[in-house]
Amino acid sequence: MPKPNGMLAMDYPPPTYEQAPVDCPFTFDFNSLSSIEVQSNCFFSMSYPSMKAKVYMSYFNLNEHQIQDLYRDFNVRLMEHTKQEARIQESSYENTNQQKYGRFFEITSDAPSNLHYLVTDQKNHFMSGVLFFSATPNYDSLYPAIQYIKNDLRQLTESLVWR
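Residue numbers for the sequence shown follow our numbering, so the first one is 3 and each next one is one higher.
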């Protein structure tokens with residue numbers, strides 16, 4: 003008698019958030035399960051060692067960069083990570099009172115990066131991020147981790163304060 007197919011169960015602890023230790027023109031909360039490494043110019047990464055995942059974040063001052071160029075570059079990178087047959091699920095976040103406009107793009111196939119993200123105030127600040135795993139791309143297996151990290155990026159967006 004054949005064995006039933008098993009599913010990989012990935013359970014992660016409920017997130018607890020704390021303020022990120024960044025000296026940048028913004029503040030935000032991050033999951034204490036991850037660690038933050040700040041590079042120059044307020045570029046930073048959030049590492050999730052237990053998931054073998056890392057989110058690379060880039061920040062741009064819109065007084066020094068054209069928002070149209072940043073959107074174009076973001077879209078080019080998104081398409082580079084997408085197969086032609088891949089489906090992209092897009093969701094957005096908007097808080098006009100706090101001038102935060104975010105977009106999440108989830109690639110629902112075996113891609114090098116399954117999650118791309120941006121948030122801006124459309125006047126002074128633009129931040130984008132991309133999620134990578136140190137594992138063979140398999141969307142079905144990585145799905146729980148992708149959703150967990152996507153939730154963290156939503157929390158980052160909701161807690162984000164431009165300075």
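The beta-carbon is built from N, C-alpha and C at its ideal position, and this holds for glycine as well.
None of the values given here were measured: they were computed from a predicted structure.
Residue i, DSSP secondary structure in three states
{"i": "Gln157", "result": "helix"}
{"i": "Asp1", "result": "Within the shown structure, residues of the chain are numbered from 3 to 165, placing residue 1 beyond reach of any answer."}
{"i": "Met9", "result": "The pLDDT assigned to Met9 is 48, lower than 50, so where the model puts this residue is not dependable; a value taken from the coordinates is nonetheless given after this. Of the three classes helix, strand and coil, the one that applies to Met9 here is coil, per DSSP."}
{"i": "Ser36", "result": "coil"}
{"i": "Ser143", "result": "helix"}
{"i": "Ser47", "result": "strand"}
CA nearest to the CA of residue i, picked from the options
{"i": "Ser136", "options": "Pro15, His127, Ala55 and Glu66", "result": "Ala55"}
{"i": "Phe26", "options": "Glu39, Ser37, Asn43 and Pro15", "result": "Per the sequence shown, residue 26 should be read as Cys rather than Phe. For the residues Glu39, Ser37, Asn43 and Pro15, the minimum Cα distance to Cys26 belongs to Asn43."}
{"i": "Phe62", "options": "Pro15, His118, Gln124 and Gln157", "result": "Gln124"}
{"i": "Ser115", "options": "Glu160, Asn97 and Val57", "result": "Val57"}
{"i": "Ile148", "options": "Phe128, Ser130, His67 and His118", "result": "His118"}
{"i": "Tyr141", "options": "Ser52, Asp112 and Tyr150", "result": "Asp112"}
Beta-ladder partner(s) of residue i, from DSSP
{"i": "Asp31", "result": "Gln21"}
{"i": "Tyr119", "result": "Phe106 and Gly131"}
{"i": "Met53", "result": "BP columns for Met53 are empty, so no partner."}
Below 8 Å, how does it come out for the segment 105-123 and the segment 75-90: are there three or more Cβ pairs, yes or no? Between the segment 105-123 and the segment 75-90 there are three or more inter-stretch CB-CB distances shorter than 8 Å, so the stretches are counted as touching.
Could you tell me which uninterrupted alpha helix (DSSP H) segments, each at least 4 residues in length, are contained entirely in the segment 55-114, listed from first to last along the chain? Entirely contained in the segment 55-114, the alpha helix (DSSP H) runs reaching 4 residues are, in chain order, 69-82.
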